[in-house]
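Participant: Structure incoming, see below.
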Amino acid sequence: MLKVNYGGKTFDRRGTAALAMAEDMLRHKDAITRRMAISCLFHLGKESLEHAADFATALQDEDAGVRYWASVWLASARTRDGSKSKALEHHSAMSAPLSDPDPGIRYWAAEALFACGRAAVEEVPALTTALLDTDPGVRVAAAKALAAVDPEVSAAKAAEVLLEALDSEESYFRASAAEGLGFLGTAAMPHTERLGQALGDSYAAVRLSATKSFQRLGLEAIQPMSALLAKLAVSDPDHEVQATAMACLKKLDLPFALQHEDVELRRWAAEGLAKLEAKCAEHAPLLAAALKDDDGTVRGWVAVAFSVMGPTAAQFAGDLKAALGDAAVEVRPLAMRALARQVPEAVPEALAYFVELLKHDDPSTRMSSIEAIGFARDQAMDVVPSLIECLGDENVKVRLASLEAIASVGQRAVRKADKAIAKLAKTDPDTDVRRAAVTQLRNNMLAQKFDVG
Numbered sequence: 005m006l007k008v009n010y011g012g013k014t015f016d017r018r019g020t021a022a023l024a025m026a027e028d029m030l031r032h033k034d035a036i037t038r039r040m041a042i043s044c045l046f047h048l049g050k051e052s053l054e055h056a057a058d059f060a061t062a063l064q065d066e067d068a069g070v071r072y073w074a075s076v077w078l079a080s081a082r083t084r085d086g087s088k089s090k091a092l093e094h095h096s097a098m099s100a101p102l103s104d105p106d107p108g109i110r111y112w113a114a115e116a117l118f119a120c121g122r123a124a125v126e127e128v129p130a131l132t133t134a135l136l137d138t139d140p141g142v143r144v145a146a147a148k149a150l151a152a153v154d155p156e157v158s159a160a161k162a163a164e165v166l167l168e169a170l171d172s173e174e175s176y177f178r179a180s181a182a183e184g185l186g187f188l189g190t191a192a193m194p195h196t197e198r199l200g201q202a203l204g205d206s207y208a209a210v211r212l213s214a215t216k217s218f219q220r221l222g223l224e225a226i227q228p229m230s231a232l233l234a235k236l237a238v239s240d241p242d243h244e245v246q247a248t249a250m251a252c253l254k255k256l257d258l259p260f261a262l263q264h265e266d267v268e269l270r271r272w273a274a275e276g277l278a279k280l281e282a283k284c285a286e287h288a289p290l291l292a293a294a295l296k297d298d299d300g301t302v303r304g305w306v307a308v309a310f311s312v313m314g315p316t317a318a319q320f321a322g323d324l325k326a327a328l329g330d331a332a333v334e335v336r337p338l339a340m341r342a343l344a345r346q347v348p349e350a351v352p353e354a355l356a357y358f359v360e361l362l363k364h365d366d367p368s369t370r371m372s373s374i375e376a377i378g379f380a381r382d383q384a385m386d387v388v389p390s391l392i393e394c395l396g397d398e399n400v401k402v403r404l405a406s407l408e409a410i411a412s413v414g415q416r417a418v419r420k421a422d423k424a425i426a427k428l429a430k431t432d433p434d435t436d437v438r439r440a441a442v443t444q445l446r447n448n449m450l451a452q453k454f455d456v457g
């Protein structure tokens with residue numbers, strides 16, 4: 005048995021020490037000593053549970069520190085075996101501190117009543133009043149407590165009070181109202197549309213509280229607001245809001261999201277499916293249809309998904325070939341990469357198509373075609389001469405793309421183009437091109453041969 009040192013004495017039994025602490029907690033004339041006593045008893049463990057009545061009495065202490073720790077203990081008192089805690093017997097004493105001058109004490113009093121659950125149903129009036137507390141944290145705790153104490157009736161009334169607070173001029177009250185609704189469960193479900201409006205609040209704290217509430221309320225609440233949540237996940241200036249919105253979206257069914265009318269949500273879903281890698285194969289038909297999506301970003305992520313899908317992608321070679329001519333030039337190389345990885349027999353025809361586009365008047369078309377050829381890797385060895393010609397293109401970005409594509413094809417391609425690359429390294433008017441050319445020669449042990457770098 006571990007001995008306990010307290011008040012200058014050593015106790016052989018923890019229970020005896022607890023008695024001494026409780027005595028000091030309630031009757032010592034010095035407030036600091038009473039605080040120390042309640043703190044020690046707080047940390048004594050199961051022996052403290054025998055003094056639940058003493059903690060309840062301490063809620064009336066003249067010292068705020070004693071009242072605070074008593075309310076914290078009552079909120080956190082638990083039995084190890086899951087049996088009913090004696091603290092539940094004192095719920096009436098816990099409601100009195102809801103009007104304490106100290107907001108911290110009021111908060112923990114509400115948390116203590118939450119811990120009591122239905123046993124504290126008599127304290128509903130006091131908790132309802134606390135929904136309008138001057139402290140936002142107390143309001144949230146009161147809403148949480150009402151949902152636990154009387155979920156069928158009082159939680160619905162609490163929702164009405166919180167809805168009014170969503171219109172408050174003070175952002176911190178709007179935030180607490182939005183957060184409080186999340187704890188009301190089914191009572192909040194009829195009001196998710198109004199809660200959704202808080203997702204567009206000008207204050208990040210309000211948007212964060214609203215997203216957290218949707219996360220707590222679950223899929224049924226999230227689905228109708230998925231477009232707004234997708235917008236926050238992609239573009240909200242607050243990183244925590246972004247992360248919480250993303251956590252909400254993860255509860256969605258990705259195929260559902262990919263077919264949603266909102267483009268931000270479709271983009272999120274397409275990216276999410278691509279990140280599933282081989283597992284996205286089960287959604288291959290849906291992804292193939294999405295290659296015709298109105299949005300280029302969606303189509304791009306779908307092409308990425310096919311590139312990591314595995315053998316199933318070969319069944320949709322026709323769709324991928326069609327994507328080689330996508331209206332968004334940045335999608336074309338991604339479709340080529342998917343073909344090169346999953347349908348290699350289709351690469352020669354695709355290469356011939358992109359070689360023709362190297363003569364296009366539009367620099368972005370030439371660049372995307374060069375990038376697509378690079379994705380063919382060593383299969384593009386026969387068209388390296390065409391890439392070498394592009395090293396002399398008048399457009400700087402095209403020349404840089406050509407250097408990168410030659411490197412992607414492999415060392416044999418670099419050695420085949422070494423003279424043209426060396427010329428760029430020495431004479432190109434653009435610094436970035438010269439630097440990239442020198443780097444490529446160095447990486448392939450050719451710098452000394454051409455006396456560069």
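Numbering (my numbering) for the sequence shown: 5 to 457.
Idealized CB from N, CA, C, for every residue including glycine.
On a predicted model such as this, the values are computed, not experimentally measured, just so you know.
For residue 290, which residues in the same chain have their Cβ closer than 8 Å to its Cβ, ignoring the five residues on either side in sequence?
Facilitator: Same-chain partners within the cutoff: 259, 262, 263.
Participant: Measure the Cβ-Cβ separation of residue 406 and residue 428 and say whether it is below 7 Å.
Facilitator: Cβ distance not < 7 Å, so residue 406 and residue 428 don't count as in contact.
Participant: Please work out which residues of its chain come closer than 6 Å, Cβ to Cβ, to residue 165, disregarding the five sequence neighbours upstream and downstream, and give them in chain order.
Facilitator: Counting only Cβ-Cβ distances below 6 Å, and skipping sequence neighbours, we find 135.
Participant: Secondary structure at residue 212, three-state DSSP: helix, strand or coil?
Facilitator: Of the three classes helix, strand and coil, the one that applies to residue 212 here is helix, per DSSP.
Participant: Taking the C-alpha atoms as reference points, what is the distance between residue 352 and residue 323?
Facilitator: So the two alpha carbons sit approximately 17 Å from each other.
Participant: Going by C-alpha to C-alpha distance, which of 162, 161, 182 sits closest to residue 171?
Facilitator: Checking every option, the nearest Cα to that of residue 171 belongs to 182.
Participant: Using 8 Å for Cβ pairs, my map puts residue 196 next to residue 229. What's the rounded Cβ distance?
Facilitator: About 7 Å; that satisfies the 8 Å criterion.
Participant: For the segment 100 to 114 against the segment 54 to 69, do three or more pairs of beta-carbon atoms, one drawn from each stretch, fall closer than 8 Å, so that the two count as touching?
Facilitator: Contact holds: three or more Cβ-Cβ distances are below 8 Å.
Participant: Less than 7 Å between the C-beta atoms of residue 152 and residue 121, yes or no?
Facilitator: Yes, the pair counts as a contact, with Cβ atoms nearer than the cut-off.
Participant: Go through its chain and collect everything with a Cβ distance to residue 367's Cβ below 6 Å, but skip five positions before and after it.
Facilitator: Around residue 367: 399, 402.
Participant: On a Cα-Cα basis, can you pick out the residue from 350, 450, 435, 439 that is closest to residue 421?
Facilitator: Checked all of 350, 450, 435, 439; the closest Cα to residue 421 is 450.
Participant: Which one of 31, 205, 24 has the shortest CA to CA distance from residue 44?
Facilitator: Of the candidates 31, 205, 24, the one whose C-alpha sits nearest the C-alpha of residue 44 is 24.
Participant: Just to confirm the assignment: which complete alpha helix (DSSP H) runs, minimum length 4, are found wholly within the segment 109 to 157?
Facilitator: For the segment 109 to 157, whole alpha helix (DSSP H) runs of length 4 or above, ordered along the chain, are 128 to 134, 140 to 153.
Participant: Could you name the residues that DSSP lists as bridge partners for residue 15?
Facilitator: BP columns for residue 15 point to 8.
Participant: How should residue 80 be labelled, buried or exposed, when 16 other C-beta atoms within 10 angstroms of its C-beta is the threshold for buried?
Facilitator: By the neighbour-count rule (16 or more Cβ atoms within 10 Å), residue 80 is not buried but exposed.
Participant: So residue 355 and residue 332 are in contact, right, with Cβ under 8 Å, and what is the actual spacing, rounded?
Facilitator: Actually they are not in contact, since the Cβ atoms of residue 355 and residue 332 sit about 20 Å apart, beyond 8 Å.
Participant: Taking the alpha helix (DSSP H) that residue 447 falls in, what are its first and last residues?
Facilitator: Here the alpha helix (DSSP H) through residue 447 covers 435 to 447.
Participant: Between which two residues does the alpha helix (DSSP H) holding residue 225 run?
Facilitator: Looking at the DSSP string, the run of the alpha helix (DSSP H) that includes residue 225 is 223 to 226.
Participant: Report the start-end ranges of each alpha helix (DSSP H) in the segment 286 to 333 that is 4 residues or longer and not cut off at the edges.
Facilitator: Counting only runs of 4 or more, we get 288 to 294, 300 to 311, 321 to 327.
Participant: In chain order, what residues of the same chain have a beta carbon less than 7 Å from the beta carbon of residue 130, not counting five sequence neighbours either side?
Facilitator: Closer than 7 Å at Cβ, skipping near neighbours: 99, 102.
Participant: By the 10 Å Cβ neighbour count, where 16 or more other Cβ atoms means buried, how is residue 287 classified, buried or exposed?
Facilitator: Per the 10 Å Cβ criterion, buried.
Participant: If you draw a straight line from the C-alpha of residue 438 to the C-alpha of residue 375, how long is it?
Facilitator: Their Cα atoms are separated by approximately 19 Å.
Participant: Should the segment 324 to 344 be regarded as contacting the segment 408 to 415, the criterion being three or more beta carbon pairs within less than 8 Å?
Facilitator: No, the segment 324 to 344 does not touch the segment 408 to 415.
Participant: Output yes or no for whether 7 Å exceeds the beta carbon distance between residue 308 and residue 338.
Facilitator: In this structure, residue 338 lies closer than 7 Å to residue 308 by Cβ.
Participant: Would you call the CB atoms of residue 127 and residue 95 closer than 7 Å?
Facilitator: Contact flag set, yes.
Participant: Measure the alpha-carbon distance for residue 8 versus residue 214 and round it to whole angstroms.
Facilitator: Straight-line Cα distance between these residues: approximately 47 Å.
Participant: Taking the alpha-carbon positions, what's the residue 58 to residue 78 distance?
Facilitator: Each residue's alpha carbon lies about 11 Å from the other.
Participant: Does DSSP classify residue 238 as helix, strand or coil?
Facilitator: Helix, per DSSP.
Participant: Measure from the alpha carbon of residue 271 to the alpha carbon of each residue in 283, 300, 249, 293, then state which is nearest.
Facilitator: Residue 300 is the option with its Cα nearest to residue 271.
Participant: If the criterion is Cβ atoms closer than 7 Å, does the pair residue 335 and residue 370 meet it?
Facilitator: No, these two residues do not count as a Cβ contact at 7 Å.
Participant: Residue 467: which of 193, 177, 169 sits nearest, CA to CA?
Facilitator: In the structure as shown, the chain begins at 5 and stops at 457. Residue 467 is therefore absent and cannot be evaluated.
Participant: Secondary structure at residue 246, three-state DSSP: helix, strand or coil?
Facilitator: Reduced to three states, the DSSP call for residue 246 is helix.
Participant: Tell me the DSSP secondary structure of residue 83 in three-state form.
Facilitator: Interpretation of residue 83 is limited by its pLDDT of 48, a score under 50 that renders its predicted location unreliable; no figure is taken from the coordinates.
Participant: Please look up how many angstroms separate the CB atoms of residue 146 and residue 137, rounded, as I've assumed it's under 8 Å.
Facilitator: At roughly 7 Å, the Cβ-Cβ gap stays under 8 Å, so residue 146 and residue 137 are in contact.
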